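Going by the numbering used here, the first residue of the sequence shown is number 1, and it counts up by one from there. Think of the CB as a built atom: it goes at the ideal place given N, C-alpha and C, for glycine as much as any other residue. Values in this document were obtained by computation on a predicted structure and should not be read as measured data. Reviewing the structure listed below.
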Amino acid sequence: MGYNIEKDLEKWGTQDCNMPDKTRAVLDETYSQLIQGKKISKSPRKWIKNITVVSMAALVGIVLWQNETVLATLNEWFGFSHQWKQSLGDDVFLSNGTKQSDKNLEIIVEKNMSTPYSLGFDFTLKSTGNMTFSKDSQVWFDYTIKNGDGSKIIVENEEVQEKTDYTDLIYLQHTDVSVSSDGKALKSGFYYFLREPNAEKLPVLKNATLEITKIFFPNENVEVVGKWSIPLKDGNPQIADKVKHYTVEKESDDITIKHATLTQSNFVIEYEFNKEMSVSDMELLNSYIQDETGRKYKTNQYSLENNNKTVRVNFPLTSSTVPNTMTLVVEEIKGDFKFEVTLLEE
1 MGYNIEKDLE KWGTQDCNMP DKTRAVLDET YSQLIQGKKI SKSPRKWIKN ITVVSMAALV
61 GIVLWQNETV LATLNEWFGF SHQWKQSLGD DVFLSNGTKQ SDKNLEIIVE KNMSTPYSLG
121 FDFTLKSTGN MTFSKDSQVW FDYTIKNGDG SKIIVENEEV QEKTDYTDLI YLQHTDVSVS
181 SDGKALKSGF YYFLREPNAE KLPVLKNATL EITKIFFPNE NVEVVGKWSI PLKDGNPQIA
241 DKVKHYTVEK ESDDITIKHA TLTQSNFVIE YEFNKEMSVS DMELLNSYIQ DETGRKYKTN
301 QYSLENNNKT VRVNFPLTSS TVPNTMTLVV EEIKGDFKFE VTLLEE
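So this is what it looks like as structure tokens:
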């Protein structure tokens with residue numbers, strides 16, 4: 001997690017990248033370093049972040065050669081993960097503002113949300129001591145979200161892998177980190193969404209508490225053990241999920257779509273390879289969907305099943321923002337194959 005893609009991209013941006021072989025050399029080095037960083041990272045929280053960055057680096061290498069275009073596209077890709085937040089509406093996000101201090105670190109829960117389909121919070125972390133944050137700082141918490149009846153909904157712990165009734169039903173979306181100009185505060189957020197629209201629903205928060213026991217800064221390799229206990233606002237059990245189902249309009253001989261379902265929290269596509277594939281790790285695949293305007297959206301999580309024949313990919317898109325027709329593109333990074341399937345809303 002200590003590898004910083006921004007520094008490599010800055011270096012790349014000052015080079016003459018008009019020659020494809022030079023671009024490919026930088027891309028290969030970047031990709032190799034990212035893969036090594038992913039292999040030593042055991043936390044699923046870091047794993048989600050890494051796969052997103054790897055995929056973006058791969059897309060840049062495949063599609064773009066000019067520096068200005070590369071940087072503009074990276075800005076667009078880094079920002080796309082916030083679309084689901086915008087589409088859910090302000091009424092879903094509950095203003096909180098409660099703060100708790102310990103070990104010269106103050107945590108403020110700015111907003112939190114809770115529906116039967118999603119759960120999460122935005123926070124500000126302030127240093128009241130000598131610690132300062134850099135523009136490269138990242139942050140993780142060890143924490144528990146506990147409902148008023150004492151039941152645990154979310155448990156995140158780097159060392160003890162404790163499961164709740166909902167651990168296998170959800171995935172984590174970590175929003176971008178922003179740091180204040182004086183380096184004394186940073187903002188981010190952690191949000192969870194159901195993997196499958198027909199899965200068991202999440203309990204809505206009522207008299208719930210966020211209990212944080214450790215703050216970890218991976219880029220600085222610093223961790224602070226303490227106790228921060230912050231009450232969360234009650235959720236809204238009346239929020240209805242908007243589900244869209246997609247059918248195949250234009251098929252591919254190479255893959256078969258089993259289902260494609262878009263909800264208010266994510267877009268889940270499950271497909272099967274129609275022939276035996278040598279690919280055993282999705283790191284080797286560049287998987288994205290493209291809307292009617294040509295904009296591309298990368299997967300933020302995947303799973304492989306049935307001896308790597310069945311693939312399930314999740315995209316951080318919502319039913320409020322996605323058009324009726326989309327194209328799923330699956331290609332190997334080395335360019336050995338490329339499959340396309342056009343999906344149409346039922």
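If we count the other Cβ atoms within 10 Å of its Cβ and call it buried at 16 or more, is Val330 buried or exposed? buried
According to DSSP, is Thr327 helix, strand or coil? strand
Please classify Met326 as buried or exposed, where buried requires at least 16 neighbouring CB atoms within 10 angstroms. buried
Would you list the residues sitting across from Leu169 in a DSSP beta bridge? Answer is none; Leu169 lacks a bridge partner.
Cα-Cα separation, Lys187 to Leu125: 6 Å
Per-residue DSSP class, three states only, for Met131: coil
Which full runs of the beta strand (DSSP E) of 3+ residues lie inside the stretch 231-277, going along the chain? 244-250, 255-262 and 267-273
Take Lys184 and list the residues in its own chain whose beta-carbon comes closer than 7 Å to its own, dropping the five residues that flank it on each side. Lys126, Ser127 and Thr132
With Thr164 as the anchor, note down where its beta strand (DSSP E) starts and where it stops. Taken as a continuous stretch (DSSP letters only), Thr164 belongs to no beta strand (DSSP E), as it is neither H nor E.
Beta-carbon proximity check, Phe216 vs Trp140, cutoff 8 Å: yes
Secondary structure at Val204, three-state DSSP: helix, strand or coil? coil
If you draw a straight line from the C-alpha of Arg295 to the C-alpha of Asn96, how long is it? 35 Å
In whole angstroms, what is the alpha-carbon distance linking Leu328 and Tyr288? 6 Å
Tell me which residues share the same chain as Lys103 and place their Cβ nearer than 7 Å to its Cβ, disregarding the 5 neighbours each side in the sequence. Val224 and Gly226
Could you tell me whether the Cβ of Ser101 comes closer than 8 Å to any Cβ of chain D? Going by chain labels, chain D is absent from the structure shown, which holds only one protein chain.
Between which residues of its own chain and Val268 is the CB-CB distance below 6 Å, once the five residues before and five after are set aside? Thr261 and Asn314
Taking Gln173 as the reference, give the member of Asp165, Glu158, Gly189 and Thr167 with the closest Cα. Gly189
If you draw a straight line from the alpha carbon of Lys244 to that of Lys258, how long is it in whole angstroms? 15 Å
Given Lys146, which residues of its chain have a CB within under 6 Å of its CB, disregarding the five upstream and five downstream residues? Lys152 and Thr209
Just how far apart, CA to CA, sit Gly235 and Ser252? Rounded to the nearest whole angstrom, the C-alpha separation of Gly235 and Ser252 is 43 Å.
Closest by C-alpha distance to Asn306, when choosing among Tyr271, Lys135 and Tyr171: Comparing Cα positions, the closest option is Tyr271.
With distances taken between CB atoms, is the gap from Ile107 to Ile230 smaller than 8 Å? yes
Bridge partners for Asn286 per DSSP, in chain order? Glu331
Nearest-angstrom Cα separation, counted from Val179 out to Ser134: 7 Å
Quick one: Cα of Thr98 to Cα of Ile212, how far? For Thr98 and Ile212, the gap between their C-alpha atoms comes out near 14 Å.
Residue span of the beta strand (DSSP E) that contains Asp102, given as start and end: Leu94 to Asp102
Among Gln100, Lys206, Asn157 and Ser303, the one whose alpha carbon lies nearest that of Pro116: Lys206
Start-to-end residues for the beta strand (DSSP E) that takes in Thr144: Trp140 to Lys146
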